[in-house]
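**Student:** The numbering of the first sequence is the numbering used here, which starts it at 367 and goes up by one.
Cβ atoms here follow ideal geometry from the backbone N, Cα and C, with glycine treated the same way.
To start, I am sharing the structure in question, which I have written as structure tokens.
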Amino acid sequence: MKEKIAFLVKQALESALAAGDLQPVDPSPSIILQTPKIAEHGDFTTNIAMTMAASQKRSPQEVARIIMDHLEDSDHMLSKMEVAGPGFINFFITRRKWYEVLRTVHDEDKAYGTSEVGRGKTVQIEFVSANPTGPLHVGHGRCAAVGEILAAILKATGYEVEKEYYVNDSGRQIRTLGESVFVRYQQLLGKTLDLPADGYQGSYIKDLARILLDQEREGLLDMPEEEAITFCAKFAAKKILAGIREDLNAFHVSFDRWFCEQSLYNSGTVQKVIQDLKDRDIIYEDEGALWFRTRDFGDEKDRVVVRANGVETYFASDIAYHKDKFERKFDRVIDIWGADHHGYVRRVSASIQALGYDGDRFQVLLVQLVNLVRDGKPVTMSTRAGEFVTLKEVIEEVGRDAARFLFLLRHYDSPLDFDLGLAKKESNENPVYYVQYVHARISNILKKAEERGYKDICWDEDFPELINLPEEIQLIKLMAQYPEVVVQSALLMEPHRIPFYLKELAGAFHAYYHDRNKHKVVSDDVRLSGARLYLVAAIRIIVRNGLALMGVSAPEMM
RNA sequence: GCGCCCAUAGCUCAGUGGAUAGAGCGCCGGACUACGAAUCCGUAGGUCGGGUGUUCGAAUCACCCUGGGCGCACCA
Numbered sequence: 367m368k369e370k371i372a373f374l375v376k377q378a379l380e381s382a383l384a385a386g387d388l389q390p391v392d393p394s395p396s397i398i399l400q401t402p403k404i405a406e407h408g409d410f411t412t413n414i415a416m417t418m419a420a421s422q423k424r425s426p427q428e429v430a431r432i433i434m435d436h437l438e439d440s441d442h443m444l445s446k447m448e449v450a451g452p453g454f455i456n457f458f459i460t461r462r463k464w465y466e467v468l469r470t471v472h473d474e475d476k477a478y479g480t481s482e483v484g485r486g487k488t489v490q491i492e493f494v495s496a497n498p499t500g501p502l503h504v505g506h507g508r509c510a511a512v513g514e515i516l517a518a519i520l521k522a523t524g525y526e527v528e529k530e531y532y533v534n535d536s537g538r539q540i541r542t543l544g545e546s547v548f549v550r551y552q553q554l555l556g557k558t559l560d561l562p563a564d565g566y567q568g569s570y571i572k573d574l575a576r577i578l579l580d581q582e583r584e585g586l587l588d589m590p591e592e593e594a595i596t597f598c599a600k601f602a603a604k605k606i607l608a609g610i611r612e613d614l615n616a617f618h619v620s621f622d623r624w625f626c627e628q629s630l631y632n633s634g635t636v637q638k639v640i641q642d643l644k645d646r647d648i649i650y651e652d653e654g655a656l657w658f659r660t661r662d663f664g665d666e667k668d669r670v671v672v673r674a675n676g677v678e679t680y681f682a683s684d685i686a687y688h689k690d691k692f693e694r695k696f697d698r699v700i701d702i703w704g705a706d707h708h709g710y711v712r713r714v715s716a717s718i719q720a721l722g723y724d725g726d727r728f729q730v731l732l733v734q735l736v737n738l739v740r741d742g743k744p745v746t747m748s749t750r751a752g753e754f755v756t757l758k759e760v761i762e763e764v765g766r767d768a769a770r771f772l773f774l775l776r777h778y779d780s781p782l783d784f785d786l787g788l789a790k791k792e793s794n795e796n797p798v799y800y801v802q803y804v805h806a807r808i809s810n811i812l813k814k815a816e817e818r819g820y821k822d823i824c825w826d827e828d829f830p831e832l833i834n835l836p837e838e839i840q841l842i843k844l845m846a847q848y849p850e851v852v853v854q855s856a857l858l859m860e861p862h863r864i865p866f867y868l869k870e871l872a873g874a875f876h877a878y879y880h881d882r883n884k885h886k887v888v889s890d891d892v893r894l895s896g897a898r899l900y901l902v903a904a905i906r907i908i909v910r911n912g913l914a915l916m917g918v919s920a921p922e923m924m
């Protein structure tokens with residue numbers, strides 16, 4: 367609907383230019399239509415006359431008047447058009463036109479809300495990518511939810527999307543993991559020795575050591591220490607990664623590809639990239655280490671790629687990894703990281719530019735941390751001691767739907783207090799059920815209607831006469847906004863817009879439903895019932911589609 | 001000290017440079033003989049942290065200050 371009006375304005379503008387009533391301006395102004403907050407200001411409004419006034423050397427009102435004179439409403443969409451306030455042009459859509467939205471929702475059904483804005487473009491989203499050195503925690507869960515819905519939203523808007531998990535299965539942390547497990551293993555055999563200072567403290571390390579002991583008996587003691595540590599590292603990383611995959615499966619998060627860091631070393635890619643950059647003097651040697659000139663790309667200081675001891679840093683493989691991504695010809699490459707990695711952004715984007723790729727094609731979304739709360743009180747966690755609540759535990763306690771919904775209910779840019787008590791509450795404090803309840807309620811209405819003989823709910827020319835209460839028109843107007851919400855959340859990469867919209871639609875429906883004397887859907891009036899069933903069925907379609915984007919179930923019964 | 005993010009109702013948060021800044025929760029008061037009360041209706045609540053600027057117009061953009069979060073390794 368909005369696009370249609372924008373198109374009319376564009377035509378009017380062109381017509382005014384052709385007639386010489388307005389002077390051409392460069393660049394041609396972009397037409398922005400807004401939905402006013404106040405009903406008296408119409409269904410749509412544009413500030414185009416105000417933005418053009420200065421270059422036209424006329425008052426905004428004059429410009430507005432000229433545009434309006436040239437606007438040809440060939441489809442009879444408008445019931446009224448006016449210049450208002452400082453120079454807004456307000457458009458009032460004729461009531462009959464809104465019913466087309468209702469038909470569109472039914473006709474497009476599962477496709478309602480999808481669009482083609484991203485058509486022909488490919489996007490890669492890398493997210494979670496937690497090191498296989500410990501189980502996923504709530505913070506990873508939030509990243510997983512954000513990445514998953516963002517991928518869904520981009521797909522819905524026509525992009526070709528590939529989801530990827532980058533596995534850091536080599537390097538120092540993996541070695542430390544091996545050392546930690548080996549120490550615990552030896553402790554189980556009665557040896558007294560301590561974890562290394564930077565070792566992993568969590569109890570899961572002891573569990574792994576026990577499994578290892580059951581499996582290998584005392585065999586590791588016969589190996590040279592290095593070999594034993596490597597063995598432990600590989601064993602532990604494999605087990606932990608399997609656990610991570612299991613947890614993500616349970617959370618209904620899936621990846622198209624699991625990309626192993628080690629493969630970049632095995633194929634020689636890392637070594638080759640480093641050599642190339644050395645040849646181009648982007649990497650240089652100082653005090654025995656190899657440094658990347660990230661400072662030339664806006665970083666605070668140059669960064670080490672290969673340490674003096676000859677061991678590569680993670681940055682080295684990350685350069686090779688991102689080069690690989692760009693070589694796979696994605697139009698856009700999106701990384702989703704925890705906000706605590708923000709110091710790393712400039713480094714990676716510097717390397718991408720140094721490799722000759724357009725930095726605008728690369729974006730990092732920094733997801734702020736999650737504070738776990740129970741009934742308003744913070745849940746104490748000590749990361750140092752390895753005592754934290756895992757994603758698995760959270761999902762088991764509150765359920766997948768609640769977890770996902772609450773993770774997505776904030777802008778990823780703002781820290782999230784995740785309240786375990788609230789997430790489980792079956793009351794109006796909990797927004798998850800509020801939205802799901804709409805789906806269940808409407809499903810129930812449709813079931814009841816079917817029992818009473820309403821089989822095929824389809825459009826009838828009578829509907830405009832039957833669905834005409836202001837609150838019904840209001841519901842239709844809200845439904846008309848849904849596709850635009852999806853597009854906006856895709857373009858701005860702001861998934862939280864979906865649950866916010868759904869909450870609003872749910873609120874409007876609950877209010878409508880509740881005034882049952884006035885709005886009873888299934889009544890003795892057969893024609894009216896048919897019309898209202900058509901209306902609520904459309905709402906159900908949108909709620910279902912929106913929840914599907916979020917990966918939240920749409921129950922028929924609760 | 002330097003960098004990134006943030007500051008909006010009592011709390012948690014929305015808000016595309018536009019007209020009179022919104023919602024949920026909480027408080028208080030109400031609503032089931034009904035298609036599901038996991039719901040609804042009503043009241044109250046604001047110096048958009050402070051300041052200066054840009055503009056026809058600022059919660060939104062720029063700069064400064066204050067207060068908070070997170071980073072600042074030859075860790076990631």
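In three-state terms, what does DSSP make of residue 919?
**Tutor:** coil
**Student:** At what residue ranges does the segment 727-783 contain a whole run of the beta strand (DSSP E), taking only runs of 3 or more?
**Tutor:** 728-733 and 736-740
**Student:** Indicate whether the contact test is met: 3 or more Cβ pairs, each with one atom in the segment 846-855 and one in the segment 464-478, closer than 8 Å.
**Tutor:** yes
**Student:** Ordered along the chain, which non-local residues of its own chain (more than five positions away) have a Cβ less than 8 Å from that of residue 616?
**Tutor:** 758, 761 and 766
**Student:** Residue 917 and residue 618: beta carbons closer than 8 Å?
**Tutor:** yes
**Student:** For residue 854, write down the residues that DSSP places opposite it in a beta bridge.
**Tutor:** In the DSSP output, where bridge partners are listed per residue, residue 854 has none listed.
**Student:** Who are residue 459's beta bridge partners in DSSP?
**Tutor:** 444
**Student:** Identify which residue in 552, 856 and 884 has its Cα closest to the Cα of residue 521.
**Tutor:** 856
**Student:** For residue 519, collect the residues of the same chain with a Cβ closer than 8 Å to its Cβ; drop the 5 residues on either side in sequence, then sort them by chain order.
**Tutor:** For residue 519, where only same-chain residues beyond five positions count, the Cβ hits under 8 Å are 852, 855, 856, 861, 864 and 915.
**Student:** Take the Cβ of residue 887 as the centre, count every other Cβ of all protein chains shown within 10 Å, and call the residue buried at 16 or more, exposed below.
**Tutor:** buried
**Student:** So does the segment 434-445 actually touch the segment 373-386, counting three or more Cβ pairs closer than 8 Å?
**Tutor:** yes
**Student:** For the beta strand (DSSP E) containing residue 656, name the first residue and the last one.
**Tutor:** 655-658
**Student:** Three-state secondary structure (DSSP) at residue 825?
**Tutor:** DSSP places residue 825 outside both helix and strand once states are collapsed to three, so it counts as coil.
**Student:** Does the beta-carbon distance from residue 721 to residue 695 come in below 8 Å?
**Tutor:** No, the Cβ-Cβ distance between residue 721 and residue 695 is not below 8 Å.
**Student:** To the nearest angstrom, how far is the alpha carbon of residue 409 from that of residue 386?
**Tutor:** 30 Å
**Student:** Rounded to the nearest angstrom, what separates residue 800 and residue 872 at their Cα positions?
**Tutor:** 7 Å
**Student:** Work out the CA separation of residue 579 and residue 934 for me, nearest whole Å.
**Tutor:** For residue 934 there is no data in the structure shown, the boundaries of the chain being 367 and 924.
**Student:** Kindly identify the DSSP beta-bridge partner or partners of residue 399.
**Tutor:** 412
**Student:** For residue 412 versus residue 454, is the C-beta spacing smaller than 8 Å?
**Tutor:** A contact, by the Cβ cut-off of 8 Å.
**Student:** Where does residue 488 sit, in a helix, a strand or coil, going by DSSP?
**Tutor:** Strand.
**Student:** Here's a check: name, in chain order, each residue in its chain whose Cβ is nearer than 6 Å to the Cβ of residue 487, leaving out the five neighbours to either side.
**Tutor:** If we look at residue 487 and ignore the five residues flanking it on each side, its Cβ neighbours are 525 and 697.
**Student:** Can you tell me where the beta strand (DSSP E) holding residue 625 begins and where it ends?
**Tutor:** 623-626
**Student:** Look at residue 731 and residue 680 and say whether their C-beta atoms are less than 8 Å apart.
**Tutor:** no
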